[in-house]
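At position 35 of the sequence shown (counting the first as 1) the number is 35 in the UniProt record's numbering, and the numbers step up by one without a gap.
Each residue gets a CB set at the ideal place from its N, CA and C atoms; glycine is no exception.
The model shown is predicted, which means the values in this text are computed figures rather than measured ones.
Report on one structure; see the data block that follows.
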Amino acid sequence: MSSTTAAAGDDKFSRLPEIAKPVSYDIHITPCLKTFKCKGIETIVVDVTTSTDFLKLHSSEIDINSIQVKLADGSELKGVTFELDRKWMTLTIIFPQKIETQKVNLLIDFVAEHNNKMRGFYQSVYKGNDGTEKKLVKLFL
């Protein structure tokens with residue numbers, strides 16, 4: 001699997017293509033309050049409604065370690081690559097050939113930083129009543 005971080009390629013915003021619909025999300029996140037980074041594994045079941053050689057998803061402020069694509073017959077699609085577009089906050093998963101309409105599982109292994117922008121996986125540091133430093137993380141959906 002290879003990846004690239006796309007430069008600010010398109011100067012125009014475009015909606016996600018309507019070639020697939022998410023069915024379910026299963027997300028496991030392990031936060032670290034010392035580094036304010038988290039490791040995550042996500043499985044997204046996607047109903048591919050049009051034959052395609054890519055899927056495009058929203059993605060913001062995460063680094064992808066790997067992506068696996070499991071087809072409806074249980075086989076893994078080999079040769080999958082991906083591109084992150086940080087300007088438009090999208091992730092494009094590129095298949096080596098077109099796949100037909102079916103439900104696929106996307107298994108995404110990622111690392112993210114807890115931000116302080118009141119979105120996503122938010123982090124905060126504050127002083128408790130006793131003056132000690134406290135840390136917290138909160139997931140905004």
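- Note that the region 95-111 touches the region 49-69; at least 3 beta-carbon pairs, one per stretch, sit closer than 8 Å.
- Rounded to the nearest whole angstrom, the CA to CA distance from S24 to V45 is 5 Å.
- One alpha carbon belongs to N129, the other to F110, and they sit about 36 Å apart.
- Around the Cβ of L136, a 10 Å sphere holds fewer than 16 other Cβ atoms; the residue is exposed.
- Excluding residues up to 5 positions away in sequence, K134 lie with their Cβ nearer than 6 Å to the Cβ of Y126 in the same chain.
- Burial check for I27: the Cβ neighbour count within 10 Å stays below 16, so the residue is exposed.
- With contacts defined as CB atoms closer than 8 Å, K56 and L16 qualify as a contacting pair.
- Residue range 81-85 is occupied by the beta strand (DSSP E) that includes E83.
- With 16 or more other Cβ atoms from the protein chains shown falling within 10 Å of its own Cβ, S59 counts as buried.
- It is roughly 30 Å from the alpha-carbon of N105 to the alpha-carbon of K117.
- Looking from the CA of Q97, the closest CA among S14, T81, K138 belongs to T81.
- Across the set T43, D47, K37, the C-alpha of D47 shows the shortest separation from the C-alpha of I19.
- Contact check for L107 and I67: beta-carbon distance about 7 Å, within the 8 Å limit, so the pair qualifies.
- In this structure P22 is exposed. Its beta-carbon is surrounded by fewer than 16 other beta-carbon atoms within 10 angstroms.
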